[in-house]
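Scroll down for the structure; my scribbles are underneath it.
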Amino acid sequence: MEKITLNIDGKEITGEDGMTILEVARGAGIDIPTLCYHEKLEPYGVCRLCLVEIGTPPRTRLVTSCVYPAADGLVVKTRSERVIQTRKMLLELLLARAPGAKIIKDLAEEYGVTKARLRKTATFCILCGLCVRYCAEIKKADAIGFIGRGIEREVMFIPEIATESCPPCRECFPLCPTGVLESNFRLVQSLLFKK
Ligand code: SF4
Ligand code: FES
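Residue numbers (the working numbering): 279 to 473.
Laid out in structure tokens, this is it:
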């Protein structure tokens, strides 16, 4: 693999061609928050919490670091004012969706977000897709999937597959950032699962 060098937060950081910005940054011990990223899964780029600012003023822009390819000479800021403000906004939204989730509460506290200003119905699922992707990509079971679009979008166990596959597996439960997956499983368990 060809070596590349990025400037991240003012430091020269070396990575390899083919890595994302997130991988290079984390490899150097630079903390970037993530909620939908998992190193064993294909990047999904949906929570947007990992956003960073790239380029040099006045030509800079925000990109999601878990999907954006690292490139030689790229200038990256992981905690610029613009990044912090956007992360705060995202955390307000996430807090409204999943008010009790520890990881979100901790991040909100770190970024000085005290309450969800946005009025959203708490669904407790942040649609990160970790459960769906883990089941599809690692377990090759497709026992859980997304249904609906827009604000109707939600995660659902697929009864025909889940009745057999889920009870002995449950490997996706610890991946869920909000814990709602296991709660939902318990709710539908009595209806769907015999084991
Ligand atoms: S149930 Fe949990 S893991 Fe699955 S999409 Fe929702 S928040 Fe993510
Ligand atoms: S971790 Fe990058 S978008 Fe969620």
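The beta carbon of each residue, even a glycine, is placed where N, CA and C say it ideally should be.
Since the model is a prediction, treat every value here as computed from it, not as a measurement.
Query	Result
Spatial neighbours of G323 in its chain, beta-carbon cut-off 7 Å, leaving aside the 5 residues before and after	T342, C344 and V345
Member of V353, V354, R360 and G390 whose CA lies at the smallest distance from the CA of E370	G390
C-alpha distance - E432 paired with L405, whole-angstrom precision	7 Å
Beta-carbon proximity list for A254, same chain, < 6 Å, skipping 5 on both sides	Nothing about residue 254 can be read from this structure; the chain reaches only from 279 to 473.
Beta-bridge pairing of N285 - partner residues as DSSP gives them	E290 and V353
Nonlocal neighbours in the same chain, by C-beta distance under 8 Å from E449, ignoring five residues either side	Y412, I416 and K417
Given 8 Å, three or more beta-carbon pairs between the region 357-372 and the region 298-305	no
Closer than 8 Å: Y315 CB and nearest the ligand FES heavy atom	yes
Start-to-end residues for the alpha helix (DSSP H) that takes in R304	I299 to G305
As assigned by DSSP and simplified to three states, the class of G423	strand
For R375 and A400, the rounded distance between their alpha carbons	4 Å
P221 Cβ short of 8 Å to the ligand SF4 heavy atom set	Residue coverage of the chain in this structure runs from 279 to 473, which leaves residue 221 outside it and unanswerable.
DSSP beta-bridge partners of I332	R339 and V354
L327 Cβ short of 8 Å to the ligand SF4 heavy atom set	no
The beta strand (DSSP E) enclosing M434, as first and last residue numbers	E432 to F435
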